[in-house]
Amino acid sequence: MANDEIYDVEDMDMDADIQRKQELIEEIKSLDLETDGAAALRAVNDMKRRWNRIHYWESDYEDGLRDEFESYVDKVYAKRDELYKTTQAQKEDLIEKAKETANIENFNQGTQIMNDLMDAWKAAGSAGKVVDDQLWEQFQAARQVFYDRKHAHWEEQTQRRQEARTKKAELIEKAKELADSHEWQKTSNKMRDLMNEWKAAGSAGRKYDDNLWEEFNGARQQFYEARNAYYDELHKEQAIRAAKKRGLIDQAKAIAEKEDYSRQNTQTMKQITADWKAIGSTGKNRDDELWAALREQMDSYFDGLKKNSEARQMDWRNRMSDSRVRKQEIIANQKRQISRLQDDMFGLVSEAEMVDIQQQIEDKEDFIAQLEAEIADIDNRLND
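Sequential numbering of the sequence shown, starting at 8, is according to this note's numbering.
So, in structure tokens, the structure goes:
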């Protein structure tokens with residue numbers, strides 16, 4: 008009886024162990040390998056420890072359960088290896104992007120890209136410790152190239168700003184020397200050159216740029232105010248000239264709109280051009296504008312004159328061509344009449360009748376020759 012009780016207890020323990028193993032199999036089967044591979048891997052390792060703590064009863068059924076359980080473990084590890092490869096590929100891509108960014112010229116943009124790459128690196132996960140360490144060394148090396156260049160650039164910028172402060176101080180002194188000059192055009196050119204040098208000097212730093220500019224621009228404005236006063240007076244005279252040129256534009260427009268292409272109007276239009284030149288300058292920009300307005304009326308008139316002349320010429324050529332066609336038709340008709348007269352001569356007996364027909368033929372031949380000469384003259388005139 009005691010032996011039966013021991014057997015029953017052992018059977019119950021075995022059943023419980025088998026049930027736990029079956030539950031572990033169901034648990035590992037339900038793992039979500041796609042959403043969180045790292046969590047699944049941690050869960051599998053925990054399940055393996057729990058499996059190993061369950062008593063092994065050395066039964067074939069248990070062996071089957073173990074094989075089934077290990078097959079699912081292998082799937083998780085295979086998925087882990089797949090994730091490692093995916094992560095490795097992601098990190099290798101980030102390394103290549105870091106290498107490309109390492110030589111970028113825009114350091115602000117490069118810094119932002121490097122920060123984004125670092126965020127992406129952290130989010131990529133693990134490719135396995137050994138591989139992670141190797142990839143990190145490559146990634147960090149590419150980043151270091153960029154930051155070494157950025158630091159060197161910053162030091163170079165500091166040196167350039169110091170040189171810019173020195174250069175701009177020199178330009179200020181030169182501008183002050185020119186401030187009282189009355190050589191308007193020559194000094195304007197020099198001031199423009201100084202301004203170009205100022206721009207080329209670059210930034211002296213936010214701390215200095217505003218004060219340097221105020222001093223430099225103050226000297227420039229002293230010159231420009233005096234120059235502007237001079238040109239204000241000049242512009243008054245130019246305004247008078249402009250009014251005269253506008254009068255010529257109105258005159259030309261009135262003639263062009265009539266579309267009367269007489270010799271007198273053509274001569275008047277030519278005289279307007281001569282009068283225009285005699286008035287003098289109204290200032291380059293205004294001269295260009297006024298000249299364009301006059302040129303528009305001139306072009307309108309002379310284009311119309313050309314078209315009118317071409318139309319008359321075309322009408323004449325058409326009349327000449329029509330006349331040539333008519334003369335050719337008459338020649339063809341005369342030749343047909345000559346042919347009929349020649350046929351009629353074979354049936355005649357009277358010499359008087361033959362002489363009369365021959366005279367008609369000769370008259371027609373003379374007429375044909377006259378028409379052919381007239382056609383030749385038309386051809387010569389058309390060719391000319």
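No residue lacks a Cβ here, since even glycine has one placed at the ideal position from N, Cα and C.
Rounded Cβ spacing between residue i and residue j (contact assumed at less than 8 Å)
i: T289; j: R319; result: Not a contact, Cβ separation roughly 39 Å.
i: I338; j: I375; result: 5 Å
i: A171; j: L201; result: A171 to L201, Cβ: 14 Å. No contact.
i: A186; j: A236; result: Going by Cβ atoms, the distance from A186 to A236 rounds to 14 Å, so no, they are not a contact pair.
i: Q119; j: L72; result: Contact flag wrong, Cβ pair sits at about 55 Å.
Cut-off 7 Å between Cβ atoms - residues of its own chain near residue i, not counting five sequence neighbours on either side
i: E244; result: none
i: M276; result: A259, I262, M305 and Y308
i: D216; result: S210
i: I13; result: Residue confidence for I13 is low, a pLDDT of 36 falling below 50, so the modelled location carries little weight; the figure read from the coordinates is stated next. So no residue of the chain qualifies.
i: L389; result: R324 and M327
i: S188; result: T194 and F230
i: E17; result: Interpretation of E17 is limited by its pLDDT of 45, a score under 50 that renders its predicted location unreliable; no figure is taken from the coordinates.
i: L255; result: I279, D282, W283 and L301
i: I286; result: R248, K251 and K252
i: K106; result: A149
i: N10; result: No answer about N10 holds up, because its pLDDT of 36 lies below 50 and its placement is not dependable.
i: E180; result: none
i: K174; result: A208
Best match in the options for proximity to residue i [C-alpha to C-alpha]
i: R343; options: N218, Q367 and K260; result: Q367
i: I364; options: Q349, R56 and Q377; result: Q349
i: E303; options: E264, D370, Q341 and N325; result: E264
i: S78; options: E33, G135 and M198; result: E33
i: Q377; options: K334, I345 and E190; result: K334
i: H62; options: I25, W205, L255 and W128; result: I25
i: R293; options: R347, K251 and L72; result: K251
i: E103; options: E75, R150, E177 and E379; result: R150
i: V51; options: V332, D20 and K86; result: K86
i: A208; options: E221, D239, W191 and Q169; result: Q169
i: I345; options: M321, V138, F353 and E372; result: E372
i: Y84; options: A134, F223, V152 and K206; result: A134
i: F153; options: I179, K174 and G117; result: G117
i: F76; options: R57, Y91 and W64; result: R57
i: D239; options: D257, M198 and W191; result: W191
i: D74; options: L31, T108, D100 and G132; result: L31
i: D267; options: S357, R347 and G311; result: G311
i: T273; options: N315, E296 and V332; result: N315
i: R199; options: R213, L219 and Q228; result: Q228
i: E89; options: W64, L48 and M121; result: L48
i: F146; options: W220, M121, D155 and H158; result: M121
i: R270; options: D81, K313 and K82; result: K313
i: R383; options: V362, D351, R331 and E358; result: Looking at the sequence provided, one finds Ala at residue 383 rather than Arg. Nearest C-alpha to A383: R331.
Own chain residues within Cβ distance below 6 Å of residue i, not counting five before or after
i: A23; result: none
i: I416; result: Past the edges of the chain, shown from 8 to 391, lies residue 416, and the structure says nothing about it.
i: A148; result: none
i: R27; result: I61
i: Y91; result: A134 and G135
i: L7; result: What the structure shows of the chain is the stretch from 8 to 391, and residue 7 is not part of that stretch, so it cannot be assessed.
Cβ shell of residue i (< 8 Å), same chain only, five flanking positions each side left out
i: D370; result: none
i: L178; result: L201, E204, W205, A208 and F223
i: A131; result: T94, Q97, K98 and L101
i: V138; result: Y91 and Q95
i: F353; result: none
Problem set entry | Any alpha helix (DSSP H) of 4 or more consecutive residues that is wholly inside the region 166 to 248 | Qualifying alpha helix (DSSP H) stretches, in chain order: 191 to 208.
For this session: Spell out a yes or no on whether the region 64 to 76 and the region 98 to 113 are touching, meaning 3 or more CB-CB pairs, one atom from each, closer than 8 Å.
Result: The region 64 to 76 is not in contact with the region 98 to 113.
For this session: Could you tell me whether the region 92 to 109 touches the region 129 to 147, using the rule of 3 or more Cβ pairs below 8 Å?
Result: Contact holds: three or more Cβ-Cβ distances are below 8 Å.
Exercise. Between the region 127 to 140 and the region 160 to 171, do at least 3 Cβ pairs fall closer than 8 Å?
Worked result: At 8 Å Cβ cutoff, the stretches do not touch.
For this session: Could I get the ranges of all uninterrupted beta strand (DSSP E) runs contained in the region 102 to 166, with 3 residues as the minimum, in chain order?
Result: Contiguous beta strand (DSSP E) elements confined to the region 102 to 166 do not occur, taking only those with 3 or more residues.
Problem set entry | beta strand (DSSP E) runs wholly inside the region 342 to 388, at least 3 long, in chain order | Listed in chain order, nothing qualifies, since the region 342 to 388 has no complete beta strand (DSSP E) run of 3 or more residues.
Exercise. Can you list the alpha helix (DSSP H) stretches of 4 or more residues lying completely in the region 253 to 281, in chain order?
Worked result: Here no run is fully enclosed.
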